[in-house]
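Student: Chains as they are written, first to last, in the UniProt record's numbering: chain A, 1 to 205; chain B, 1 to 205.
Cβ atoms here follow ideal geometry from the backbone N, Cα and C, with glycine treated the same way.
Got a structure here, written out as structure tokens. Questions coming.
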């Protein structure tokens, strides 16, 4: 039964984990949550379903792990030295993440999470909590630099900053693939002055 | 074949239309878009599927009509006389609409619209366009009263105002039913000062 023992940490297994999580994202994008089967994911990753089930015990666990891995890939927030620069980077990143293939994935999962509180919790932890923390760091740095006064209700700033791009791209038809990223960045740049004012800052001339 | 001729406009038919659209919303909330069948909607409304199909030729048409009717029920924006009051009403309305049963409906439809551009267009027209127009009227009145200077990129203000409540309630697990409305209103009231600053206004003391 040695084969049934999880052997995480070996390089070959880490690569297999990664292949399975990438296959999960690909199948989700194509078929939606309802259409995803662990058999389809395993086949796409070139492994048996037994191999998949040794790692994740259910479809829900697998999807949550894939989203968490995907969100981890989004990278950290560089310190640009100004509130304006920090917020510009963040808004562009999030606008791009909400369009194209990743945007479609997130929207698909919102629909499923509407009926599945465990998935909603996991998605909030994987996607929203890191953004809220990232915004909190940006605001803290701006206050420390004396760019803005300390904010009341600082826990809301994350939703305030990313809300407009969420509203703009979550329900609307997606922009055509070729222009999605440029459309997203342009929208982010136009939103920036409003967001700066909201947190007590001033837009650059 | 007289029975097959659409007979809109007669009171009995208007009531039947309404019953069918309400049944559509109820079935959507229970079963999601994928689980909704025209047979289930017709049964719930107490009519035959033939009666349903004389009005709407597909499941998609039926759902779009139900969402449009639902959005129409949300009511108009009263003029409170101040930017602060107008935005407070709007934020509370939208926060409440995004929680509870209507919030679950909207989130379910976002998931379906991720794979269905026709539905995404219809939902944008039914749900987002009226909010953007309502915000535009609020901003226009505030500028006319001299409360705020004219805004650049005014077309973005709708997403700026409702974005934070969308971000806050679209992905997270729903608050318990008994406190959902109070939770939504409290969040709206805390967001208001940020939104006021974003559009160039000042929060009341």
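For residue 55 of chain A, tell me which candidate among A/77, A/15, A/103, A/167 has the shortest Cα-Cα distance.
Tutor: A/15
Student: With DSSP collapsed to three states, give me the class of residue 88 of chain B.
Tutor: helix
Student: Under a Cβ-count criterion, where at least 16 other Cβ atoms within 10 Å of its own Cβ denotes burial, should residue 179 of chain A be classed as buried or exposed?
Tutor: exposed
Student: Is there at least one Cβ from chain B nearer than 8 Å to residue 92 of chain A's Cβ?
Tutor: no
Student: Report the CB separation of residue 131 of chain B from residue 94 of chain B in whole angstroms; it is logged as a contact under 8 Å.
Tutor: 7 Å
Student: Go ahead and label residue 193 of chain A buried or exposed: buried means 16 or more other beta carbons lie within 10 angstroms of its beta carbon, across all protein chains shown.
Tutor: buried
Student: Mapping DSSP to helix, strand and coil, what is residue 104 of chain B?
Tutor: helix
Student: CA-CA distance, residue 104 of chain A and residue 18 of chain A?
Tutor: Taking C-alpha positions only, residue 104 of chain A is separated from residue 18 of chain A by approximately 21 Å.
Student: Within the 8 Å Cβ cut-off, does residue 3 of chain A reach chain B?
Tutor: Bear in mind that the predicted position of residue 3 of chain A carries a pLDDT of just 46, short of 50, making it unreliable; the figure below should be weighed with that in mind. Not closer than 8 Å to any Cβ of chain B, the Cβ of residue 3 of chain A fails to qualify, so no.
Student: Would you report the Cα separation of residue 175 of chain B and residue 102 of chain B, rounded to the nearest angstrom?
Tutor: Using only the alpha carbons, I get a separation of about 13 Å.
Student: Would you call the segment 182-190 of chain B in contact with the segment 118-129 of chain B, where contact means no fewer than 3 C-beta pairs closer than 8 Å?
Tutor: no
Student: Quick check on the burial criterion: 16 or more other C-beta atoms within 10 angstroms. Buried or exposed for residue 146 of chain B?
Tutor: exposed
Student: Quick check for students: name the residue ranges of the beta strand (DSSP E) that lie wholly in the segment 132-197 of chain B, counting only runs of 3 or more.
Tutor: none
Student: In terms of residues, what are the limits of the alpha helix (DSSP H) holding residue 199 of chain A?
Tutor: It is not in any alpha helix (DSSP H) - residue 199 of chain A carries neither H nor E in the DSSP assignment.
Student: Since residue 60 of chain B and residue 118 of chain B are thought to touch, with beta carbons under 8 Å apart, how far apart are those beta carbons, to the nearest angstrom?
Tutor: 7 Å
Student: Can you list, in chain order, the residues of its chain with a C-beta nearer than 7 Å to that of residue 123 of chain B? Leave out the 5 residues immediately preceding and following it.
Tutor: 67, 109, 113
Student: Taking all protein chains shown into account, do 16 or more other C-beta atoms lie within 10 angstroms of the C-beta of residue 111 of chain B, making it buried, or fewer, making it exposed?
Tutor: Residue 111 of chain B should be labelled buried.
Student: To the nearest whole angstrom, what separates the beta carbons of residue 42 of chain B and residue 52 of chain B, a pair I think is in contact under 8 Å?
Tutor: 5 Å
Student: Select from the segment 124-144 of chain B all residues with a C-beta closer than 7 Å to any C-beta belonging to chain A, and list them in chain order.
Tutor: 124, 127, 128
Student: So residue 87 of chain A and residue 195 of chain A are in contact, right, with Cβ under 8 Å, and what is the actual spacing, rounded?
Tutor: In this structure residue 87 of chain A is in contact with residue 195 of chain A, their Cβ atoms being roughly 6 Å apart against a cut-off of 8 Å.
Student: Whole-angstrom Cβ separation of residue 201 of chain B and residue 148 of chain B, contact assumed at under 8 Å?
Tutor: 5 Å
Student: With a cut-off of 8 Å, does the C-beta of residue 195 of chain B fall near any C-beta of chain A?
Tutor: yes
Student: Residue 121 of chain B versus chain A: which residues are under 7 Å apart at the beta carbon?
Tutor: 173
Student: Could you list which residues in chain A have their beta carbon closer than 9 Å to that of residue 25 of chain B, in chain order?
Tutor: Those within 9 Å of residue 25 of chain B in chain A number zero; the least Cβ separation is about 14 Å.
Student: Mapping the DSSP letters down to three states, classify residue 124 of chain B as helix, strand or coil.
Tutor: Under the three-state reduction of DSSP, residue 124 of chain B is assigned to helix.
Student: What is the rounded straight-line gap between the Cα of residue 141 of chain A and the Cα of residue 35 of chain A?
Tutor: 44 Å
Student: With respect to the alpha helix (DSSP H) encompassing residue 52 of chain B, which residues constitute its N-terminal and C-terminal limits?
Tutor: 49-55
Student: Check distances from the C-beta atoms of the segment 151-169 of chain B to those of chain A and list, in chain order, the residues that come in under 7 Å.
Tutor: 153, 156, 159, 160, 162, 163, 164, 166, 167, 168
Student: How many angstroms separate the CA atom of residue 125 of chain A from the CA atom of residue 172 of chain B?
Tutor: 9 Å
Student: Any Cβ of chain A within less than 8 Å of the Cβ of residue 117 of chain B?
Tutor: yes
Student: Apart from the five residues on each side of it in sequence, which residues of its chain come closer than 8 Å, Cβ to Cβ, to residue 48 of chain A?
Tutor: 42
Student: Who are the near neighbours of residue 83 of chain A in its chain, counting only those whose CB is closer than 6 Å to its CB and skipping five residues on each side?
Tutor: 142, 147, 201
Student: Tell me the rounded alpha-carbon separation between residue 2 of chain B and residue 22 of chain B.
Tutor: For residue 2 of chain B, the predicted structure reports a pLDDT of 43, less than 50, and the residue's modelled location is therefore unreliable. A value from the coordinates is still provided. Taking the straight line from one Cα to the other gives about 27 Å.
Student: Residues in its own chain within less than 6 Å of residue 150 of chain A by CB, not counting five upstream and five downstream?
Tutor: Correct list, in chain order: 143.
Student: Taking the alpha-carbon positions, what's the residue 5 of chain B to residue 27 of chain B distance?
Tutor: Legend: pLDDT at residue 5 of chain B = 49, less than 50; position of this residue unreliable, value from coordinates given subsequently. Cα to Cα, the separation comes out at about 27 Å.
Student: Starting from the beta carbon of residue 188 of chain B, find every residue of chain A whose beta carbon is closer than 8 Å, and list them in chain order.
Tutor: None at all; the shortest Cβ gap to chain A is about 11 Å.
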